[in-house]
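Everything in the sequence shown is counted per my numbering, starting at 1088 for the first residue and increasing by one. Working notes, structure below.
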Amino acid sequence: MSEVTTERVRCAACRFACPDESASSKIWTAFQCGNDKSEYHRCLLNITPNGDKQSRITWTGCELGERRRCL
Ligand code: SF4
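Next up, the structure:
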């Protein structure tokens, strides 16, 4: 059975969201999109358009996101 769905995955639940150590600081961990097929590849996912750093991933996601599996 196919698992293909039209549901859009938010970055916070996407397996491609990963820490970006080079953009992080001692008190803040930056997350970036690691999907090289996405138009948002390498974009930071927990920063606002104004440049405000956020603790949670707030980017809404893209159509190429894939839900992280729970183990
Ligand atoms: S931009 Fe798309 S591929 Fe990248 S982390 Fe978000 S949902 Fe996943």
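Idealized CB from N, CA, C, for every residue including glycine.
Item, Value
"Near the ligand SF4: residue 1131 beta-carbon under 7 angstroms from a heavy atom", "no"
"Residue list, Cβ distance to the ligand SF4 heavy atoms smaller than 5 angstroms", "1098, 1101, 1103, 1104, 1120, 1122, 1125, 1127, 1148, 1149, 1151, 1152"
"Assigned exposure category for residue 1146 - 16 Cβ within 10 Å defines buried", "buried"
"Same chain, Cβ closer than 6 angstroms to residue 1134, five either side skipped, listed in chain order", "1140"
"Whole-number beta carbon distance between residue 1132 and residue 1100, since they are thought to touch under 8 angstroms", "At roughly 11 angstroms, the Cβ-Cβ gap does not stay under 8 angstroms, so residue 1100 and residue 1132 are not in contact."
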